[in-house]
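Chemist: Numbering-wise (the numbering used here), the sequence shown opens with residue 1122 and increments by one.
Quick one: structure below, then a few questions.
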Amino acid sequence: MKVYKFEAFTNVIEKNIREGIFKPGHKLPSVRDLKEQYQTSISTIQQGYEYLVARGLVESVPKSGYYVSNKANLSDQQVKARHRPVVRDAIFKHHLGLTTSLKEGRQFSEFNVAAPGDLLIPQKLLLRTMQQVIREQGASLLRYYPSNGSPALKENIIKKAAVHQTILNPDELLITDGALQALYIALSAVCSPGDVIAVESPCVFSVLEVIRVLQLRVIEVPVDPYAGFDIDFLKKACRTNAIKAVIVTPNFHNPTGILMTDEQKLALLSVAHQHHVALIENDVYGDLYFHGQRPSAIKRFDDSGLVLSYASYAKTLAPGIRVGWLSAGKFMQRAEQIRFALGSTVSPLYQETASRLLASNSYDQHVRSFRMQLAKNAHQAINLLSAYFPEKTSIFTPSGGYNIWVKMPDDTDMVYFYDQCGKIGVRFTPGYTFSFSGAYDKYFRLVFADRFSSKRTEALRLAGQRAQ
1122 MKVYKFEAFT NVIEKNIREG IFKPGHKLPS VRDLKEQYQT SISTIQQGYE YLVARGLVES
1182 VPKSGYYVSN KANLSDQQVK ARHRPVVRDA IFKHHLGLTT SLKEGRQFSE FNVAAPGDLL
1242 IPQKLLLRTM QQVIREQGAS LLRYYPSNGS PALKENIIKK AAVHQTILNP DELLITDGAL
1302 QALYIALSAV CSPGDVIAVE SPCVFSVLEV IRVLQLRVIE VPVDPYAGFD IDFLKKACRT
1362 NAIKAVIVTP NFHNPTGILM TDEQKLALLS VAHQHHVALI ENDVYGDLYF HGQRPSAIKR
1422 FDDSGLVLSY ASYAKTLAPG IRVGWLSAGK FMQRAEQIRF ALGSTVSPLY QETASRLLAS
1482 NSYDQHVRSF RMQLAKNAHQ AINLLSAYFP EKTSIFTPSG GYNIWVKMPD DTDMVYFYDQ
1542 CGKIGVRFTP GYTFSFSGAY DKYFRLVFAD RFSSKRTEAL RLAGQRAQ
């Protein structure tokens, strides 16, 4: 079982509560005192306290600290009986909750979920297209499809990529159940447990969890909100480590929104060639540029087969349309085996719906309108943050995608800030979820992929007010 750093002090506190040494209402040591006592980071102490809060043993009192919960007087036997059926990873559960929608989300203003809001999903287009597919294809949609995906869908994906000068080989293309499955297949095809890979830092929680599940070791490559991915850092890392793969989001990186230039993409590809490192490219946001032309995929420049590129239509159409793809390059043989081992093919209805939209101009028309709305949303979100958040707040302007990366002033009490946001019904994604190191405690991600209703506008005003 994985051991977390915070267990050094949470085990002691829990034992004292169980044995009655710490009574309900007992004030617990401050975050800073525990940081000094255990010589660890503030984020580790905060995560430990959040773990105890999640277990119902501790309560957080704004501007006062942490106290033993009044409901924490259960006997050991009762606690064991209640928790015996399932063993959970507390950090995973907590981080997952911070990046997904609540069932009761209607009463929250959620800026933490990287998915289009209901009003931005082309509901009529999708439902009408699905109905046409069902009428025309009927029972054939209930049969097995090829494990690698519909040939017609793959052909349409290839044609769409060719418009942007990216040549995809049909024999190296897999249809996947979304982008995350594509990443899982790509990493599994390239790496074995214990291998070293490089990832962007900050890096989205879902990618970090795939890495954790595959038991890979990580080197975090800094992504500067202005300069971008630190290629020199990667070069040094490659010279001193047997790095098997690099995962990058070159077009509108999540969470910073940065766009790599073609020169940076070529330089990164050169490092991959020099050290024979697989380059796994996440291009899920590539179609969501605000200005000019669609940015190039790194795959466009590669003729070695070292680039594995993937994307999905969950970000551009709807999160429930579980259609993604992976161009696996020279790793296709292994990737194909892993895709087959993962079980049934992607829903034939979803595949045929996506294929039909790509074959017509419907997809392009929708995405053009969606891009314009996202650009407006980004502009509005930045204006609201600038108007209502503390003067020294740093706001990094994206040129596409869904995300704004925000750094709060250094003297901000982030535990208090998130607690206050919870009280007024506002949810952001905390920066510490974007790294294994806890290096981004003062940051949060804001997702602007929903319309700014008066409620959401007021929510940002109140959040900024509580941060003052």
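The beta carbon of each residue, even a glycine, is placed where N, CA and C say it ideally should be.
Computed from a predicted structure; not experimentally measured.
#1: According to DSSP, is Ile1288 helix, strand or coil?
#2: Have a look at Tyr1539 and Gly1559 and give me their C-alpha separation to the nearest angstrom.
#3: In chain order, what are the residue ranges of uninterrupted alpha helix (DSSP H) at least 4 long that sit wholly in the stretch 1320-1367?
#4: How big is the Cα-Cα spacing for Arg1205 and Thr1161?
#5: Can you have a look at Arg1256 and say buried or exposed, based on whether 16 or more other CB atoms are within 10 angstroms of its CB?
#6: Should Glu1384 be labelled buried (16 or more other beta-carbon atoms within 10 Å of its own) or exposed?
#7: Rounded to whole angstroms, what's the CA-CA distance from Ile1288 to Ser1417? Just pull it up for me.
#8: What three-state label does DSSP hand Gly1559 in the structure shown?
#9: If I follow the unbroken beta strand (DSSP E) through Val1398, where does it start and stop?
#10: Decide if Ile1083 is buried, meaning its Cβ has at least 16 other Cβ atoms within 10 Å, or exposed.
#11: Please state whether DSSP places Arg1205 in a helix, a strand or coil.
#12: Please classify His1397 as buried or exposed, where buried requires at least 16 neighbouring CB atoms within 10 angstroms.
#13: Below 8 angstroms, can you find three or more Cβ-Cβ pairs linking the stretch 1454-1463 to the stretch 1401-1420?
#14: By Cβ distance below 8 angstroms, which residues in the same chain neighbour Leu1470 in space, the five residues on each side in sequence not counted?
#15: Please go through the same chain and pick out, in chain order, the residues whose beta-carbon is closer than 7 angstroms to the beta-carbon of His1487, but skip the five residues on each side of it.
#16: Are there 16 or more other CB atoms within 10 angstroms of the CB of Phe1130, so buried, or fewer, so exposed?
#17: What are the uninterrupted segments assigned as beta strand (DSSP E) that are 3 or more residues long and contained completely in the stretch 1371-1439, given in chain order?
#18: Ignore the nearest five residues each way along the sequence and tell me which others in Pro1183's own chain have a CB closer than 7 angstroms to its CB.
#19: Can you say whether Asp1571 is buried or exposed, counting buried as having 16 or more other CB atoms within 10 angstroms of its CB?
#20: Would you report the Cα separation of Arg1264 and Glu1473, rounded to the nearest angstrom?
#21: Report the residue from Pro1145, Cys1359, Leu1409 whose alpha carbon sits nearest the alpha carbon of Gln1395.
#22: Alpha carbon to alpha carbon, how far is Asn1269 from Thr1297?
#23: Which residues share a DSSP beta bridge with Val1179?
#24: With DSSP as the reference, identify every bridge partner of Thr1297, one or two as the case may be.
#25: Name the one or two DSSP bridge partners that Ser1515 has.
#26: Taking a contact to mean a Cβ-Cβ separation below 9 angstroms, would you say Val1392 touches Leu1355 in this structure?
#27: Which whole-angstrom value describes the C-beta separation of Val1405 and Ser1433, a residue pair presumed to lie in contact below a C-beta threshold of 8 angstroms?
#28: Considering only the beta carbon of each residue, do Val1367 and Val1342 sit closer than 9 angstroms?
#29: Reducing DSSP to helix, strand and coil, say where Ser1230 ends up.
#30: Just to confirm, are Val1568 and Phe1229 a CB contact at a threshold of 9 angstroms?
#31: Can you list, in chain order, the residues of its chain whose CB lies under 8 angstroms from that of Glu1276, leaving out five sequence neighbours each side?
#32: What number of angstroms, rounded off, separates the C-alpha of Ser1520 from the C-alpha of Lys1357?
#33: In chain order, what residues of the same chain lie with their CB nearer than 7 angstroms to the CB of His1374, ignoring the 5 residues before and after it?
#34: Would you kindly report the start and end of the unbroken alpha helix (DSSP H) that includes Val1467?
#35: In terms of residue numbering, what span does the beta strand (DSSP E) encompassing Tyr1537 cover?
#36: Rank Gln1286, His1285, Ile1306 by C-alpha distance to the C-alpha of Glu1293 and give the top, closest one.
Modeler: So, from the data block:
#1: coil
#2: 16 angstroms
#3: 1326-1334, 1352-1361
#4: A caution first: Arg1205 carries a pLDDT of 40, below 50, which makes its placement in the model too unreliable to give a value.
#5: exposed
#6: exposed
#7: 12 angstroms
#8: coil
#9: Element bounds for Val1398: n/a, residue is neither H nor E.
#10: Residue 1083 is absent from the model: the chain starts at 1122 and stops at 1589.
#11: With a pLDDT of only 40 at Arg1205, under 50, the local geometry of the prediction cannot be trusted, and the value read off the model is given with reservation. DSSP places Arg1205 in coil when its eight states are reduced to three.
#12: exposed
#13: no
#14: Met1251, Val1254, Ile1255, Leu1262
#15: Pro1243, Leu1246
#16: buried
#17: 1399-1403, 1428-1433
#18: Tyr1537, Asp1540, Gln1541
#19: buried
#20: 13 angstroms
#21: Cys1359
#22: 8 angstroms
#23: Val1189
#24: Gly1445
#25: Lys1528
#26: yes
#27: 6 angstroms
#28: yes
#29: strand
#30: no
#31: Pro1291
#32: 29 angstroms
#33: Glu1321, Val1344
#34: Unbroken run through Val1467: none, as it is neither H nor E.
#35: No beta strand (DSSP E) holds Tyr1537; the alpha helix (DSSP H) holding it covers 1535-1545.
#36: Ile1306
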